[in-house]
Amino acid sequence: AITMVDPEGALVSIDPTMPTNSPNLFSVRRNTSMTPEPFKQTPFTYLCRAFRINELKTEVTNRLAMLEKRVELEGLKVVEIEKCKNDLKKLRDEMTSRGGGRSMIQIRDVPSYPKYTLSQETIEALKKPTFDVWHWEHNEMLSCLEYMYHDLGLVKEFNMNPITLKRWLLGIQENYRSNPFHNFRHCFCVSQMMYGMINLCNLPEKMTLTDMGILMTAAVCHDLDHPGYNNTYQINARTELAVRYNDISPLENHHCAVAFQILSLPECNIFANVELEAYKQIRQAIITLILATDMARHGEILDSFKHKVDSFDFTNEEHVTCLKMVLIKCCDISNEVRPTEVAEPWVDCLLEEYFMQSDREKTEGLPVAPFMDRDKVTKPTAQIGFIKFVLIPMFETVMKLFPQIEEIMVQPLRDSRDHYEELKQIDDAMTEVGHLFSLNITLSFRVGVNSILNSRQLRK
Ligand SMILES: [Zn+2]
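Quick note: the sequence shown, position 44, residue 87 per the numbering used here, numbers continuous.
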């Protein structure tokens, strides 16, 4: 073993980077008491050089081998990635050609959401329009919906497998898109309001449990796979949906079709144990209710109900169907029945979705509805007309049949109308101040210019 030291006695490591030999370099043999001798040109120099070259050679060879291996591996990875990409593309193309874009049903494997034990407080609150719908995660909303089906006796009535119910709800949630407004939370809101109205109006005493099942299921499914652009856009842009449904409520037809695609999966079919004839009726009724949510049919449906309400007959099937249509319509647009702090964020969500559409319409050269145009609409103007001319008249008609909704549902609507009218007054006042301010500047500018002109004329 040879140890090399410099004249100061510090160790010099023997490696390819060590300085070339010099007379000042000493060598010391390990574990001897020999005094260091000056290192002269000895065979050691050559030894060192040879050693260095050999070491370099081995290192380079090793490195080369390593690099070659890496290149080979990376190359494989690239091939792998390319293959994955191709597979993905193929799969996507297949999905598109098979189901027209997104209509392929996505279902999670197993009902994996944990069972939430709803507190007594939540259970009570769930029956009321004051329920804070923003407070809950998706899984919690799923548990609430599950609870409603059990509580209303629907699981028992339709002999549902409780696991199938869970799986169906998961399938529903997966097939709502994350739009600003038409998303799973909106589905939950509408369903929760339906559950609230069923309780508030004591509907199980007046109608059948099948009717309750139809009302709840239609509410849960009513906006499935909503793309975030309304029927007008679908028709004007001649989308696949508009073509498929011949411009007749393309969205509502689609929501309904997706609903029955989900139900056609045996593992998600909550009506699997229902007799064939009964199922046919349930299916027909759900279709009728979901199609009734097209606002283009609002006048027609409400008029039909107005004709029946004064002599309403719960044993008349036509009457009951019409009531169910009005009920789902009420729930669908019931945000303003909720407390302001719950309702108001929904207005922003809806406007966001509207603006997304109108911006797209502008770039695609399609007609833009003024109520969707970010340059024309404001929150209060958007709200006042809708509350005054759509919501209040509809809920007041339902109130004729169920007077108990006045305090709990109609009064909040009137309060909401007043709230937005106040907001509009503030808006108007601000605009007026703005106008006055700019007018004032213009006036003072004119006065200034005139006085300068006058003085010049005087000087002349
Ligand atoms: Zn809706």
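Backbone N, C-alpha and C fix where the C-beta goes; we use that ideal spot for every residue, glycine too.
Of all residues, those with a beta-carbon under 7 Å from at least one heavy atom of ligand 1 are His225, His229, Val233, His265, Asp266, Thr336 and Asp375, reported in chain order.
Judged by DSSP secondary structure, Lys372 falls within the alpha helix (DSSP H) whose first and last residues are Glu360 to Asp375. The alpha helix (DSSP H) runs lying completely inside the region 411-466 and spanning 4 residues or more are 422-429 and 435-444, given in chain order. Taking a 10 Å sphere around the C-beta of Ser377, we find 16 or more other C-beta atoms and assign the residue as buried. With respect to Val453, Val369 sits apart: the two C-beta atoms are not nearer than 9 Å. Burial of Ala335 is indicated by the presence of at least 16 other C-beta atoms within 10 angstroms of its C-beta.
Scanning the region 263-296 for uninterrupted alpha helix (DSSP H) segments of 4 residues or longer gives 274-279 and 283-287, listed from N- to C-terminal end. Inclusion of Leu169 and Tyr238 in the CB contact set at 9 Å is warranted, their separation being smaller than that value.
For Met191, the enclosing alpha helix (DSSP H) starts and ends at His181 to Asp194.
A distance below 7 Å between beta-carbons, with the five flanking residues on each side excluded, links Glu439 to the following residues of its chain, in chain order: Val453. In this structure, DSSP gives Val317 a state outside helix and strand, which the three-state scheme calls coil.
Counting C-beta pairs with one atom in each stretch, the region 355-370 and the region 230-250 have three or more that are closer than 8 Å, which means they touch. According to DSSP, residue pairing for Val114 in a beta bridge does not occur. When DSSP states are grouped into helix, strand and coil, Thr336 belongs to the coil group. Apart from sequence neighbours up to five positions away, the residues of its chain that approach Gln400 with a beta-carbon distance below 8 Å are Gly271, Tyr272, Asn273, Tyr276 and Met415, ordered along the chain. Here the alpha carbons of Val176 and Arg228 stand approximately 8 Å from one another. With 16 or more neighbouring CB atoms inside 10 Å of its own CB, Cys374 falls in the buried class.
Just measuring C-alpha positions, the residue of Ser292, Val317 and Phe445 sitting nearest Asp353 is Phe445. Across the set Ile325, His350 and Glu167, the C-alpha of Ile325 shows the shortest separation from the C-alpha of Phe201. For Asn242, the enclosing alpha helix (DSSP H) starts and ends at Phe227 to Leu243.
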